[in-house]
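A short worksheet on the structure shown next.
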Amino acid sequence: MPKSANQKIKILYLVKFLLEQTDVEHSLTVPEMISQLQRQGISAERKSIYDDLETLQNFGLDIVKGKNGYFLASRLFELPELKLLVDAVQASKFITLKKSEELIAKIETLVSQNEAKSLHRQVYVGNRIKTMNESIYYNIDKIHEAIIKNLKICFYYFEYDAKKQKQYRHGEKLYQVSPYALCWSDENYYMIAFDAEAQQVKHYRVDKMDKINIVFQERDGKEIFDAFDIAVYTRGVFGMFGGDEERVTLRLENRMVGIALDRFGKEISIIPDGEHHFLIHIHVKVSPQFLAWIFGLGSGIKIVSPEHVKQSYVSMLNENLKRYGGENS
67 MPKSANQKIK ILYLVKFLLE QTDVEHSLTV PEMISQLQRQ GISAERKSIY DDLETLQNFG
127 LDIVKGKNGY FLASRLFELP ELKLLVDAVQ ASKFITLKKS EELIAKIETL VSQNEAKSLH
187 RQVYVGNRIK TMNESIYYNI DKIHEAIIKN LKICFYYFEY DAKKQKQYRH GEKLYQVSPY
247 ALCWSDENYY MIAFDAEAQQ VKHYRVDKMD KINIVFQERD GKEIFDAFDI AVYTRGVFGM
307 FGGDEERVTL RLENRMVGIA LDRFGKEISI IPDGEHHFLI HIHVKVSPQF LAWIFGLGSG
367 IKIVSPEHVK QSYVSMLNEN LKRYGGENS
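Counting in the working numbering, the final residue of the sequence shown is number 395, and the numbers go up one at a time with none missing.
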């Protein structure tokens with residue numbers, strides 16, 4: 067049989083058919099492969115198909131012959147792994163709805179079309195709260211590039227006003243910092259950086275950074291970050307809001323051990339305090355978010371020391387009582 071002009075890409079089409087249409091529960095017979103090749107303008111004999119399949123097997127593709135034909139038995143990602151990735155994308159607040167849908171569509175191409183349906187059924191991103199900043203992908207890429215090249219970045223930092231318009235902070239001040247890490251905390255992406263002007267470590271919401279550019283100057287703060295523990299930093303910063311770092315002692319009911327470990331890590335010491343309580347000593351940035359976390363745990367937790375942190379908590383409670391018509395305690 068004379069070879070058609072498309073013979074050279076025949077084996078590539080076979081790979082495409084196997085990737086898109088087969089899995090452990092779905093196979094293609096040799097006649098079906100020949101028929102699909104014909105629709106692409108490629109003629110093929112049964113023997114040439116067998117030869118091509120053997121070549122692909124020798125190359126490393128896990129092509130298996132089952133009762134009903136040939137199928138691709140394994141891939142780079144297992145289906146349960148991709149379900150985890152889809153769940154992570156759809157749950158990520160910092161990824162916009164549009165980007166979430168685009169990413170999930172790309173993830174679906176990593177399995178057969180039939181298996182992709184099981185991924186698609188998990189997509190419920192429509193009602194999730196998502197960031198409005200479409201450029202976050204490019205922000206992350208630019209920050210990573212600066213970190214790898216040991217360079218500073220500059221950017222504008224903004225909030226949204228009541229009309230959902232960007233309002234740049236400090237009169238459109240151009241921030242310049244030395245980025246060292248990206249972290250994901252409380253459903254948002256943050257850049258942790260050294261601010262040479264303030265001589266301290268700061269963090270910034272990546273989706274609120276605008277017009278990022280690399281500054282071709284070597285980063286400051288290397289000696290600080292050589293001894294910097296990002297995990298400890300993020301555990302101590304509630305909601306990634308700043309504040310003065312304090313060594314705080316808390317007294318909790320025994321039933322709340324899991325809560326303490328989840329928040330501060332398994333490295334903290336649990337010190338028994340009577341039959342029903344325990345103490346922990348933690349280093350945290352005392353912010354309104356930290357005090358609100360204490361309030362949210364109700365009567366099962368108490369600030370023991372220092373005294374001025376206790377008084378800050380009492381003041382917060384009194385201010386809220388006044389706001390709702392209550393009296394000072």
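Backbone N, C-alpha and C define an ideal beta-carbon position, used for all residues, glycine too.
Could you tell me how far apart the beta carbons of residue i and residue j are, in whole angstroms, since I believe they sit closer than 8 Å?
i	j	result
ALA262	ASP286	4 Å
SER93	PHE137	4 Å
PHE330	ILE337	Contact flag wrong, Cβ pair sits at about 13 Å.
What does the alpha-carbon distance come out to for the pair residue i and residue j?
i	j	result
TYR234	ARG271	13 Å
HIS269	TYR222	14 Å
PHE304	TYR390	Because the pLDDT at PHE304 is just 49, under 50, the model does not fix this residue reliably, and the point stays unresolved.
THR162	GLY340	49 Å
LEU78	GLN265	57 Å
LEU103	VAL152	33 Å
LEU363	SER381	18 Å
MET306	ASN254	Low per-residue confidence applies at MET306: pLDDT is 48, beneath 50, and the placement is therefore not dependable enough to give any value.
LEU148	LYS82	20 Å
VAL191	LEU169	Low local confidence applies: a pLDDT of 45 at VAL191 is under 50, so the model's placement there is unreliable, and no value is given.
THR300	SER335	18 Å
PRO86	GLY132	Sequence check: residue 86 is Glu here, not Pro. Looking at the two C-alpha atoms, the distance is approximately 17 Å.
ASN72	LYS229	57 Å
The alpha helix (DSSP H) that contains residue i, what's its start and end?
i	result
ALA171	163-174
SER381	373-389
HIS401	With the chain covering 67 to 395 only, the question about residue 401 has no answer from this structure.
GLY324	323-330
LEU151	145-157
ASP286	Neither: ASP286 is in no alpha helix (DSSP H) and is coded neither H nor E.
ILE360	354-362
Between which two residues does the beta strand (DSSP E) harbouring residue i extend?
i	result
VAL317	Residue identity differs from the one stated: residue 317 is Arg in this sequence, not Val. 310-319 is the span of the beta strand (DSSP E), which, as asked, contains ARG317.
GLU263	It is not in any beta strand (DSSP E) - GLU263 carries neither H nor E in the DSSP assignment.
GLN231	It is not in any beta strand (DSSP E) - GLN231 carries neither H nor E in the DSSP assignment.
SER251	241-251
Cβ atoms of residue j and residue i: under 8 Å apart, would you say?
i	j	result
ASP128	SER140	yes
VAL243	ILE209	no
LEU122	LEU80	yes
LYS274	PHE224	yes
ILE115	MET99	yes
Q. How do the segment 209-225 and the segment 271-280 stand: do at least 3 beta-carbon pairs fall below 8 Å, yes or no?
A. Flag = yes, the segment 209-225 and the segment 271-280 touch.
If you pair each beta-carbon of the segment 313-320 with each one of the segment 363-374, do three or more pairs fall below 8 Å? With the cut-off at 8 Å, the segment 313-320 and the segment 363-374 touch.
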